[in-house]
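Colleague:
Number of protein chains: 2
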Amino acid sequence: METVAENKCFGGIQGVYSHDSRETGTPMRFSVYMPPRGLDGPPPVLYWLSGLTCTEENFTVKAGAQRWAAEHGIAVVAPDTSPRGEGVPDEDSYDFGSGAGFYVDATAEPWAANYRMYSYIVEELPALVEAKFGLDGARRGIFGHSMGGHGALTIALRNPDRYKSVSAFAPIVAPTRVPWGEKALGGYLGHDRAAWEAHDACLLVARKGWPGGDILVDQGDADQFLTEQLKPELFQEACGTAGVDLQLRMQHGYDHSYFFIASFLGEHFEWHAERLGGA
Amino acid sequence: METVAENKCFGGIQGVYSHDSRETGTPMRFSVYMPPRGLDGPPPVLYWLSGLTCTEENFTVKAGAQRWAAEHGIAVVAPDTSPRGEGVPDEDSYDFGSGAGFYVDATAEPWAANYRMYSYIVEELPALVEAKFGLDGARRGIFGHSMGGHGALTIALRNPDRYKSVSAFAPIVAPTRVPWGEKALGGYLGHDRAAWEAHDACLLVARKGWPGGDILVDQGDADQFLTEQLKPELFQEACGTAGVDLQLRMQHGYDHSYFFIASFLGEHFEWHAERLGGA
Chain Z
25 METVAENKCF GGIQGVYSHD SRETGTPMRF SVYMPPRGLD GPPPVLYWLS
75 GLTCTEENFT VKAGAQRWAA EHGIAVVAPD TSPRGEGVPD EDSYDFGSGA
125 GFYVDATAEP WAANYRMYSY IVEELPALVE AKFGLDGARR GIFGHSMGGH
175 GALTIALRNP DRYKSVSAFA PIVAPTRVPW GEKALGGYLG HDRAAWEAHD
225 ACLLVARKGW PGGDILVDQG DADQFLTEQL KPELFQEACG TAGVDLQLRM
275 QHGYDHSYFF IASFLGEHFE WHAERLGGA
Chain G
25 METVAENKCF GGIQGVYSHD SRETGTPMRF SVYMPPRGLD GPPPVLYWLS
75 GLTCTEENFT VKAGAQRWAA EHGIAVVAPD TSPRGEGVPD EDSYDFGSGA
125 GFYVDATAEP WAANYRMYSY IVEELPALVE AKFGLDGARR GIFGHSMGGH
175 GALTIALRNP DRYKSVSAFA PIVAPTRVPW GEKALGGYLG HDRAAWEAHD
225 ACLLVARKGW PGGDILVDQG DADQFLTEQL KPELFQEACG TAGVDLQLRM
275 QHGYDHSYFF IASFLGEHFE WHAERLGGA
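Line order of the protein sequences matches chains Z and G.
For what it's worth, the working numbering labels the leading residue of the first sequence as 25, then goes sequentially.
For what it's worth, the working numbering labels the leading residue of the second sequence as 25, then goes sequentially.
Set out below in structure tokens:
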């Protein structure tokens, strides 16, 4: 693991690191915010999954997360959204390939060798980062935005033993039924739609529920992707049927940007802190 | 004035606008954060001046200012750091020309026609923006970072009737005596050093004091520019001699980045709010 940058921020350290990933076969960057340390042992950790076109940088510099992470004594890990670079297949679009890994393990060619973001996020990255930084893997939460909200929800729902809390901002909740999802799942997993079902938050919650208790979702009602790509009402319906306590908050006048995320991020930290326990 | 973007943020509106500037002879961009409105009339306004290489965007997306501005009911205006674009003279360096206007009115050629950032910040921009957004120009403060800290200090010290409060992060305080300043003032104002003196915070505070009362400066002690370019001890000395109450806070382990600014920005807002009165 290589240190790209470290900056003191709100009394802790905001770092960016790079390592050679076994899963993706590429160097992968991620950021870690380590809160100021008290005497209370290893801090809990929140994983942030970003949306289309993002790298590890967007959340790290735009969200204002450090202030809240420091206050609650929670470490925050933000990975890149796909493998990238020389030798990695890509295509010229913002919603597939580089910056658009969709948090699945691809099975279709030419994507299968590198696009293994599901295993990277669930297995490889936590094993590396929690050991290196001394984090409490028993108090692990996950959240994200848009494509990353899809990642957070599907990863938590599939691994309730590994994540104690999950929340999302403007998530893609029904990728088997919206254009972004159909393109991504079709591309990475092939045309057999049965294989897509394991990556659809609505289908997962209907099938498996959520033993973690409740789920928080914030959604701006001025979001330009609301009606075509996001459709939070489908997740609300699925959670209702499954008896899962979803707090879906429609936020008036907010769009899809980091200005929206920043506005409610403090409340997500508070929500996760209550479920993970602070430092 | 043209609207480039408007996003709801912390209950207010973060906007980016463009207008044709009389002073610079170019289109100029600036951002305005309008806090959620109460019933208390026009809000006070803080002007943020950015450092080398920045546009209006850096502070707007990286500093987390909206949270504090909303809380205190203060509007925030962040202009670009120079004229730029077709027909504007420039040179291939990060510390002179585009992104490096140094908040002076250039008198040397070929800079004199466009590089009029002093008059732009002091006269043209406030007249435009305070009328358009309904801001209380009698409660106006100014702050900034690095080159923008230099701008904030020199502009406030020269115009104590126009600014009720001033603070800075890692400011250039003695541009007549450090490489960044010597290059910029020599380039924009010519080689007669007497003309530089009106843009040196140390010389200004020694000559004119600060009727506003006190001045707040935060400086990281791990700042890579501390000893060669910034030299806050010179300003401390000058304020001491002039009997001006400077609160110079050396912040341990912090560098020159926006991670440093974000960490202490809330305290600067609080400090300005006390002197300007909130909404």
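Every residue gets a Cβ at the ideal spot worked out from N, C-alpha and C, and that includes glycine.
Quick caveat: nothing in here was measured; it's all calculated off a predicted structure.
Closer than 9 angstroms by beta-carbon distance: list the chain G residues that pair up with S287 (chain Z), in chain order.
Modeller: K32, C33, F34, G35, Q90, R91 and A94
Colleague: For F293 (chain Z), write down the residues that DSSP places opposite it in a beta bridge.
Modeller: Note: F293 (chain Z) sits in no beta bridge, so no partner.
Colleague: How far does the beta strand (DSSP E) with M52 (chain Z) in it extend, from its first residue to its last?
Modeller: P51 to M58
Colleague: Below 8 angstroms between beta carbons is the criterion; list the residues of the region 144–158 of chain G that meet it against any residue of chain Z, in chain order.
Modeller: Within the region 144–158 of chain G, no residue has a Cβ that lies closer than 8 angstroms to any Cβ of chain Z.
Colleague: Output, in chain order, the set of chain Z residues within a Cβ distance shorter than 9 angstroms of K293 (chain G).
Modeller: Before going on, a small fix: residue 293 (chain G) reads as Phe here, not Lys. Simply none; closest approach about 13 angstroms.
Colleague: Establish whether the CB of Q38 (chain Z) and some CB of chain G are separated by less than 7 angstroms.
Modeller: yes
Colleague: According to DSSP, G165 (chain G) sits in a beta bridge with which residue or residues?
Modeller: Answer by DSSP bridge pairing, in chain order: G:L70 and G:S189.
Colleague: Which full runs of the alpha helix (DSSP H) of 4+ residues lie inside the region 91–170 of chain Z, going along the chain?
Modeller: 149–157
Colleague: Ordered along the chain, which non-local residues of its own chain (more than five positions away) have a Cβ less than 7 angstroms from that of G214 (chain Z)?
Modeller: T131 and A132
Colleague: Which of the three DSSP states, helix, strand or coil, is assigned to T77 (chain Z)?
Modeller: coil
Colleague: Ends of the alpha helix (DSSP H) at A237 (chain G)?
Modeller: Per the sequence shown, residue 237 (chain G) should be read as Gly rather than Ala. Looking at the DSSP string, G237 (chain G) is not in any alpha helix (DSSP H), and its letter there is neither H nor E.
Colleague: Which residues, taken in chain order from the region 264–281 of chain Z, show a beta carbon closer than 9 angstroms to some beta carbon of chain G?
Modeller: Q275, H276, G277, Y278, D279 and S281
Colleague: Taking 7 angstroms as the CB-CB limit, is F167 (chain Z) close to chain G?
Modeller: no
Colleague: Compare the C-beta of F259 (chain G) against all C-beta atoms of chain Z and say whether one is closer than 7 angstroms.
Modeller: no
Colleague: Please report the distance separating the alpha-carbon of R273 (chain Z) from that of F288 (chain Z).
Modeller: 10 angstroms
Colleague: Can you name the start and end residues of the alpha helix (DSSP H) that V229 (chain G) belongs to?
Modeller: A225 to K232
Colleague: To the nearest angstrom, how far is the alpha carbon of A162 (chain G) from that of Q248 (chain G)?
Modeller: 37 angstroms
Colleague: In this structure, does DSSP put T200 (chain G) in helix, strand or coil?
Modeller: helix
Colleague: Quick one: which residues of the region 76–87 of chain Z get their C-beta closer than 7 angstroms to a C-beta of chain G? List them in chain order.
Modeller: Correct list: V85 and K86.
Colleague: Give me whichever residues DSSP pairs with T27 (chain G) in a beta bridge.
Modeller: G:Y41
Colleague: Inspect the beta-carbon positions of F308 (chain G) and S191 (chain G) and report whether they are closer than 7 angstroms.
Modeller: Any property of residue 308 (chain G) remains undetermined from this structure, which presents chain G solely from 25 to 303.
Colleague: What span of residues does the beta strand (DSSP E) with Q7 (chain Z) cover, start to end?
Modeller: It is not possible to answer for residue 7 (chain Z), since the shown part of chain Z is limited to 25 through 303.
Colleague: With a CB to CB cut of under 6 angstroms and the five nearest residues on each side skipped, what residues in its chain are close to T79 (chain Z)?
Modeller: D104
Colleague: So, helix, strand or coil for G36 (chain Z), using DSSP?
Modeller: Correct three-state label for G36 (chain Z): strand.
Colleague: Output yes if chain G places a C-beta closer than 7 angstroms to the C-beta of F193 (chain Z); else output no.
Modeller: No, its Cβ sits nowhere closer than 7 angstroms to a Cβ of chain G.
Colleague: Using the rule of at least 16 other Cβ atoms within 10 Å of the residue's Cβ for burial, across every protein chain shown, is D116 (chain G) buried or exposed?
Modeller: exposed
Colleague: Give every residue of the same chain whose Cβ lies closer than 7 angstroms to the Cβ of R217 (chain G), excluding the five residues on either side of it in the sequence, and list them in chain order.
Modeller: The residues are T200.
Colleague: Is the shortest distance between the beta-carbon of F249 (chain Z) and the beta-carbons of chain G less than 7 angstroms?
Modeller: no
Colleague: Measure from the alpha carbon of H292 (chain G) to the alpha carbon of each residue in G:E257, G:L240 and G:K255, then state which is nearest.
Modeller: G:L240
Colleague: Take F8 (chain G) and list the residues in its own chain whose beta-carbon comes closer than 6 angstroms to its own, dropping the five residues that flank it on each side.
Modeller: Not covered by the structure: residue 8 (chain G). The range shown for chain G is 25 to 303.
Colleague: Skipping 5 residues on each side, what residues in its chain have a beta carbon closer than 6 angstroms to that of A219 (chain Z)?
Modeller: Same-chain partners within the cutoff: L213.
Colleague: Among the candidates Z:T48, Z:G121 and Z:R299, whose CA atom is the shortest distance from the CA of L209 (chain Z)?
Modeller: Z:G121
Colleague: Contact criterion: CB-CB distance below 7 angstroms. Does N283 (chain G) meet it with respect to chain Z?
Modeller: Here residue 283 (chain G) is Phe; the residue named in the question, Asn, does not match the sequence. So, interface residue.
Colleague: Suppose you measure from the CA of H276 (chain G) to the CA of Y118 (chain G); what does that come to, to the nearest Å?
Modeller: Cα to Cα, the separation comes out at about 27 angstroms.
Colleague: Is DSSP giving Q271 (chain G) helix, strand or coil here?
Modeller: In the three-state reduction of the DSSP assignment, Q271 (chain G) falls in the strand class.
Colleague: Could you name the residues of the same chain whose beta carbon sits closer than 6 angstroms to that of A136 (chain G), not counting the 5 residues immediately before and after it, in chain order?
Modeller: A130
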